[in-house]
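Asker: There's a structure below that I have some questions on.
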Amino acid sequence: MKIDGEYIFDGPREQVWEVVRDPEVLAAALPGTQKLEQTGENEYEGVMNVRIGPVGGVFSGKVIISDEEPPESLTLTVEGRGNPGFVKGSGRVNLSDQGDHKTLMKYNGDLQIGGRLASVGQRLLDTTSKSMIRQGLEALNDALQAREAARIEGGEVDYTPPTETKFMAAVTKDMFGQMFSSPTAKWVVIAVVLIVIVIAAVILTL
Amino acid sequence: MTKKFIGKRILRNEDPRLLTGGALFVDDVDIPGMLHAAFLRSDYAHAHLRSIDVSAARERPGVVAVITAEDMGDEWQPGPPLVSPPPTVENVLFNSRTQVPLVKDKVRHAGEPIVLVIAESRYIAEDAVEDIIVDLEPLDAVVDLEKALEPDSVLVHDDLDSNLAAHLVQKKGDYATIRENADLLIKRRIVIDRGAAVAMENRGIVAQWDPKSQHLTVWDTTQAPIPIRNGLAARLGLSEHQVRVIAPFVGGGFGPKMMMFYPEEMLIPWISIKLNRPVKWIEDRRENFYATTQEREQIHEAEMALTRDGRILGVSDVILHDSGAYDPYGLTIPLNTQCHAMGAYDVPNFFSEVTVIFTNKTLTTPVRGAGRPQGIFVVERLLDLAAKELGIDPIEIRKRNFIPPESFPYDHQIIDQAFATLIFDSGNYRPALEKAADMIDFEQFVKVDQPRLRAEGRHVGIGIVSFVETTGVGPYEGARVTVEASGKINVATGVGTQGQGHFTSFAQIVAEQLGVDVSDVHLVTGDTSAFHWGTGTFASRGAVVAANAINASALAVRQKILKLASEILEAPEEELELEGGKVRVADVPRISISLGELAVLANPLRGAVEPGTEPGLEATAYFGPKYGGTAFGAHAMIVEVDTETMMVEIKRYTVVEDCGTVINPLIVEGQIHGGVSMGIGNSFYEKLVYDENGQLLNASLADYLIPSATEMPHIEVSHQETQSPLNPLGSKGAGEAGAIPVPSLFAQALEDALYDYDLEIMEMPLSPNRLFELLHE
Amino acid sequence: MRKLTDVGVSVNGTNYNRSVEPRLLLSDFLRHELGLTGTHVGCEHGVCGACTVLFDGKPVRSCLMFAVQANGHEIITVEGLGTIEQLHPLQESFREAHGVQCGFCTPGILTTLIPFLEENPNPDEDEIMHAISGNLCRCTGYQHIVEAVKLAAQKMSPVDEV
Chain Y
1 MKIDGEYIFD
11 GPREQVWEVV
21 RDPEVLAAAL
31 PGTQKLEQTG
41 ENEYEGVMNV
51 RIGPVGGVFS
61 GKVIISDEEP
71 PESLTLTVEG
81 RGNPGFVKGS
91 GRVNLSDQGD
101 HKTLMKYNGD
111 LQIGGRLASV
121 GQRLLDTTSK
131 SMIRQGLEAL
141 NDALQAREAA
151 RIEGGEVDYT
161 PPTETKFMAA
171 VTKDMFGQMF
181 SSPTAKWVVI
191 AVVLIVIVIA
201 AVILTL
Chain R
1001 MTKKFIGKRI
1011 LRNEDPRLLT
1021 GGALFVDDVD
1031 IPGMLHAAFL
1041 RSDYAHAHLR
1051 SIDVSAARER
1061 PGVVAVITAE
1071 DMGDEWQPGP
1081 PLVSPPPTVE
1091 NVLFNSRTQV
1101 PLVKDKVRHA
1111 GEPIVLVIAE
1121 SRYIAEDAVE
1131 DIIVDLEPLD
1141 AVVDLEKALE
1151 PDSVLVHDDL
1161 DSNLAAHLVQ
1171 KKGDYATIRE
1181 NADLLIKRRI
1191 VIDRGAAVAM
1201 ENRGIVAQWD
1211 PKSQHLTVWD
1221 TTQAPIPIRN
1231 GLAARLGLSE
1241 HQVRVIAPFV
1251 GGGFGPKMMM
1261 FYPEEMLIPW
1271 ISIKLNRPVK
1281 WIEDRRENFY
1291 ATTQEREQIH
1301 EAEMALTRDG
1311 RILGVSDVIL
1321 HDSGAYDPYG
1331 LTIPLNTQCH
1341 AMGAYDVPNF
1351 FSEVTVIFTN
1361 KTLTTPVRGA
1371 GRPQGIFVVE
1381 RLLDLAAKEL
1391 GIDPIEIRKR
1401 NFIPPESFPY
1411 DHQIIDQAFA
1421 TLIFDSGNYR
1431 PALEKAADMI
1441 DFEQFVKVDQ
1451 PRLRAEGRHV
1461 GIGIVSFVET
1471 TGVGPYEGAR
1481 VTVEASGKIN
1491 VATGVGTQGQ
1501 GHFTSFAQIV
1511 AEQLGVDVSD
1521 VHLVTGDTSA
1531 FHWGTGTFAS
1541 RGAVVAANAI
1551 NASALAVRQK
1561 ILKLASEILE
1571 APEEELELEG
1581 GKVRVADVPR
1591 ISISLGELAV
1601 LANPLRGAVE
1611 PGTEPGLEAT
1621 AYFGPKYGGT
1631 AFGAHAMIVE
1641 VDTETMMVEI
1651 KRYTVVEDCG
1661 TVINPLIVEG
1671 QIHGGVSMGI
1681 GNSFYEKLVY
1691 DENGQLLNAS
1701 LADYLIPSAT
1711 EMPHIEVSHQ
1721 ETQSPLNPLG
1731 SKGAGEAGAI
1741 PVPSLFAQAL
1751 EDALYDYDLE
1761 IMEMPLSPNR
1771 LFELLHE
Chain D
2001 MRKLTDVGVS
2011 VNGTNYNRSV
2021 EPRLLLSDFL
2031 RHELGLTGTH
2041 VGCEHGVCGA
2051 CTVLFDGKPV
2061 RSCLMFAVQA
2071 NGHEIITVEG
2081 LGTIEQLHPL
2091 QESFREAHGV
2101 QCGFCTPGIL
2111 TTLIPFLEEN
2121 PNPDEDEIMH
2131 AISGNLCRCT
2141 GYQHIVEAVK
2151 LAAQKMSPVD
2161 EV
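Chains as they are written, first to last, in my numbering: chain Y, 1 to 206; chain R, 1001 to 1777; chain D, 2001 to 2162.
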């Protein structure tokens, strides 16, 4: 599955780089992350709760950072396994200064998905993963701004990461938002609802 | 002799039970103390098994056992090869690798079972499956057939030096030379994708070991209860009579239930003996997409050589066949493909090379058609293209090439799936094709309707194809017919039944011979304790092989009846007739005796049974044809394509079916309708999508689309009966015929409908998406 | 030990009271708890329709419901339609038109058709096909099933020939 996109952060590039390279911030930014520890100079291991629609479960795996060119680009390699299946992939992340305290992040990569996620979750994978990435980046952006604010004011970082529920609600809203923007919205929504029910039933009995 | 029951639309004996929910299917079996099984299956298509941690699963309350390959010790053994390579073909290369009960060192396809969990309920067993931690080291997967043979490809079986499973060449005449003299050569690459059988009932097994009587009973959704019994007895170290296999009502077979010694079939009886408790395993639908066999995937480089008036000089077909991870079923499917790549035609020269390849996908074994649809697709497509180039219409070109009626039996000089020479026993192809064309008003459509509709901008097309189907293969089947004291007739045979109406069609044969009502004939089949010699239901052979065995034993009983009645009624045998459950003197009907009374008299309470005779009115007989009969058919259809949505609507569909003597036309029609619906699925809706990692991306009925009522056209069926000289009933099989020609028909009709796009369809299945891509290429 | 919940449900006119796990599917409850094995399970994801039963008169996928959701409701399964000695006219029609082959999808189709025929006593072929479009059958190709329904409609609400 191809993953690519762009996102604009509200902060200078160096700060964005710091945030991206900080496991604590990352762990906090992606709700469902139960654990994210640095196990090597460029290696992290973690345990994460993942839900793609109603297919969900605990994934454990690792993230390896390589080909770093701070503060411009890096390659992220991900490998995770869990009950719902497995995920493996890598992608390149590029940061460029946009001036005016803004940084443009460009990412593109390839993700291989297998197991239950792949065999019954196909229809949801694309939209949900895009949405999860965007929500995650938004959370990172909030964290970035909180750090910025704390740094300027010299106080504690005042940042509450979104709860898992809020995160998934945002993802769902995102998906429906995308749906309602098209003229065939009604049928797509009905289809999605039906598919979600179908997959819920699959998961119930798997 | 006018037939009273054979050929009649007799209503089915078995229907009331099925209609009221009173028929026993395997999942309906409920035994006190029964345990339930679930499997942990591999997510990866190709991986080294490094370790398994079942400790948490074993501790879960309600879990009785958790078994890995290691736990099986010496009792772990792969399944038996089911079909050996044909001994009658020279230079066959065959690497036999069969499926394993549980993964030991390496996973070879997604869904391969790694751990067996037994618990008090299926719910708890599935919970325990999630407790298990398996460490798998993923490897690159072998998925693409052509890449699989490249020298640097990863190997599915490391002890071989390539992914080659088998190689076989068959020849007739001299194709290489004849093609030099051809006026026209049509050469194409043809790709056919995977499809599944999708019976509505998933597989299931219940095993019960009784230590007191040392007897194992197994209920299995199998099409072959007798070989399963024999194989299980051998594997478990039991005597055959200690094992009873029952195939009760089975919710659709279509081929994969003929595959034997699936991992679950090997494990469930074994574990029930070990645990001394009945064990049930029922496959769920998602498992079915991984753990039950599939079929169809092949790549062809095919060529047809013709004269300028459309006479086929020869066919060459180089085939790559996907075996999946193992090859227990031998070369059955590709041999069928080869045997059908000449179609119904008189083809003097033939060359076909088959290479069978191991891949990291689910095993392939016969699915309705079993390789025949692919062969027919190749020959019909090449012929259609030749027809276009030569400016000959599709009906005419077929007529010019049909094997003429006087040439039967026609020897094709190659070997078929039953290792016999491919001989077509009888046929009369022209009238059947003409009838199909007539039924659909072919000429009227092409000359009048189509031009008119095209002028309105509509994309309507018509297609007509012909096909043959080898059926009724041996080795043999048997049956025992008994007249009971009540006057009812008891019949026992070995073939399993999955909806084909055996309980009725077989009863009709007995009713015909013994002059009783069809509803008074009680059939037992699929139970090895009732009859234990035979093979199973496959290759469209039930109505041929088992029916003829039943006919033979009914005839033997009839002779016993006449002999005894002749003594009792003091009348010569020639003057007796069997009617309404009685034997009577034809001219003096009041002199009669009921069959029931006769049966009692045949079982003397006093007096000895003479040497060379048997008590009772019972006989057992077997029937084993030297080779199978060849059925024929012609299908025609009119379609309309919506070029915006790429949806295809079938406006009309006609079938002419020639399966020799028809025992019950209602049942044959039902088989044709069902076959056509599967064929339509194979043509336009069904495709198993694997990604480059061997992951199946559409493992649910929501994404693997089988036709529903609104996709089906109304099918008009007409019968032609060219009897088979190979058996007394004159019958040929009909079970797979409906499915075989449909992809070729779709291709022809769609090309015709989309005439303004200059389309060539060399692949199956299609879909609205794919059609769109093809039109815009 | 999982917590059990009480379920009181009427099935084919008989009242049953059981204690079950909340996650027990209605299809499993009917088949294994109550022994009414006429309702079949084909996919467990609501697509094939083999598990269809009538829930307060409306067809539902019993594989997509929990038994506890049936508490206080009325269910009709295929066993409630007729017996071998006394087939429902719909069942009779299926037999006469050869609308049954393996029989696995049949109970789900029968229960789907009961309310349909009540609301559409005289359906045409198109309406019948749409009514059963949510029930998958791999054996019959649906043609004889449609014939059976036409026959049943005639039997159940005979249209007088003028």
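Positions of the beta carbon are idealized from the N, C-alpha and C atoms, including for glycine.
Because the structure is a prediction, the values reported are computed rather than measured.
With a threshold of 8 Å, are at least 3 pairs of Cβ atoms found where one atom belongs to the segment 1602-1612 of chain R and the other to the segment 1424-1438 of chain R?
Answerer: no
Asker: Would you say L124(Y) and I52(Y) are within 8 Å of each other, going by their C-beta atoms?
Answerer: I52(Y) sits close to L124(Y), with the two beta carbons spaced by under 8 Å.
Asker: Cβ of R1480(R) within 8 Å of Cβ of G1733(R)?
Answerer: no
Asker: Within 8 Å (strictly less), CB to CB, does S2019(D) reach chain R?
Answerer: no
Asker: Kindly list the residues whose CB is nearer than 7 Å to the CB of L2151(D), restricted to its own chain and excluding five residues on each side of it in sequence; keep chain order.
Answerer: S2093, E2096 and A2097
Asker: First and last residue of the beta strand (DSSP E) that includes Y1622(R)?
Answerer: E1618 to F1623
Asker: A1037(R) to A1699(R), Cα distance in whole Å?
Answerer: 21 Å
Asker: Considering just the uninterrupted stretch of the alpha helix (DSSP H) at Q1374(R), what are its terminal residues?
Answerer: R1372 to L1390
Asker: Measuring alpha carbon to alpha carbon, tell me which residue in A1065(R), E1406(R), I1205(R) and R1558(R) is nearest R1430(R).
Answerer: E1406(R)
Asker: From which residue to which residue does the alpha helix (DSSP H) around K1488(R) run?
Answerer: Segment: none, K1488(R) is in no alpha helix (DSSP H) and carries neither H nor E.
Asker: Use the C-beta contact count for T128(Y): other C-beta atoms within 10 angstroms, 16 or more gives buried, fewer gives exposed.
Answerer: buried
Asker: What separation, rounded to the nearest whole angstrom, lies between the Cα atoms of Y1757(R) and Q1748(R)?
Answerer: 14 Å
Asker: Spell out the partners DSSP gives V1460(R) in its beta bridges.
Answerer: E1640(R)
Asker: Helix, strand or coil, according to DSSP, for K1147(R) in the structure here?
Answerer: helix
Asker: In whole angstroms, give me the CA-to-CA distance for V1656(R) and E1692(R).
Answerer: 42 Å
Asker: What whole-angstrom Cβ distance do A1057(R) and V1063(R) have, given they're in contact under 8 Å?
Answerer: Rounded, the Cβ-Cβ distance is 6 Å, consistent with contact.
Asker: Determine the DSSP secondary structure at W1219(R), reduced to helix, strand or coil.
Answerer: DSSP, read as helix, strand or coil, puts W1219(R) in strand.
Asker: Starting from E1112(R), trace the alpha helix (DSSP H) in both directions and tell me its first and last residue.
Answerer: Membership of E1112(R) in any alpha helix (DSSP H) is not indicated, and neither H nor E is assigned to it by DSSP.
Asker: Output the boundary residues of the beta strand (DSSP E) element that contains A1038(R).
Answerer: Element bounds for A1038(R): L1035 to R1041.
Asker: Tell me, please, whether the CB atom of R1179(R) is closer than 8 Å to any CB atom in chain Y?
Answerer: no
Asker: Which runs of the alpha helix (DSSP H), 4 residues or longer, sit entirely within the segment 1535-1575 of chain R?
Answerer: 1547-1569
Asker: By a C-beta neighbour count over all protein chains shown, 10 Å radius and 16 as the cutoff for buried, is I2084(D) buried or exposed?
Answerer: exposed
Asker: Hey, out of T1645(R), I1273(R) and T1613(R), whose CA is closest to L1238(R)'s CA?
Answerer: I1273(R)
Asker: Less than 8 Å between the beta carbons of Q1723(R) and G1730(R), yes or no?
Answerer: yes
Asker: Name, going along the chain, the residues of the segment 1418-1451 of chain R whose beta-carbon falls closer than 8 Å to a beta-carbon of chain D.
Answerer: none
Asker: So with Cβ pairs under 8 Å, would you call R1203(R) a contact of chain Y?
Answerer: no
Asker: Per the DSSP calculation, S66(Y) is bridged to which residue(s)?
Answerer: For S66(Y), which the question treats as bridged, DSSP gives the partners T75(Y).
Asker: DSSP on S182(Y), reduced to helix/strand/coil?
Answerer: With a pLDDT of 48 at S182(Y), under the threshold of 50, the modelled position of that residue is not reliable, and the figure given next carries that caveat. Reduced to three states, the DSSP call for S182(Y) is coil.
Asker: Identify, in the order they occur along the chain, each residue of the same chain with its Cβ nearer than 7 Å to the Cβ of D1752(R), setting aside the five sequence neighbours on each side.
Answerer: G1461, I1462 and G1463
Asker: Tell me, please, whether the segment 137-145 of chain Y touches the segment 33-46 of chain Y by the rule of three or more beta-carbon pairs shorter than 8 Å.
Answerer: no
Asker: Quick one: list the residues of chain R neighbouring N83(Y), beta-carbon separation under 7 Å, in chain order.
Answerer: E1130
Asker: For my contact list, D110(Y) and S90(Y) are in at a C-beta cut-off of 8 Å; report their separation, rounded to the angstrom.
Answerer: 7 Å
Asker: Step through the CB atoms of chain R and report whether any lies within less than 8 Å of the CB of S182(Y).
Answerer: Here the model assigns S182(Y) a pLDDT of 48, short of 50, so the residue's position is not dependable, and the following value carries that caveat. It does not; no Cβ of chain R falls within 8 Å.
Asker: Using the Cβ count rule (16 or more neighbours within 10 Å means buried), how would you classify S1084(R)?
Answerer: Counting of Cβ neighbours within 10 angstroms places S1084(R) among the exposed residues, the total staying below 16.
Asker: Check whether the Cβ atoms of V1379(R) and F1632(R) sit closer than 8 Å, and answer yes or no.
Answerer: no
Asker: Alpha carbon to alpha carbon, how far is Q112(Y) from K88(Y)?
Answerer: Taking the straight line from one Cα to the other gives about 5 Å.
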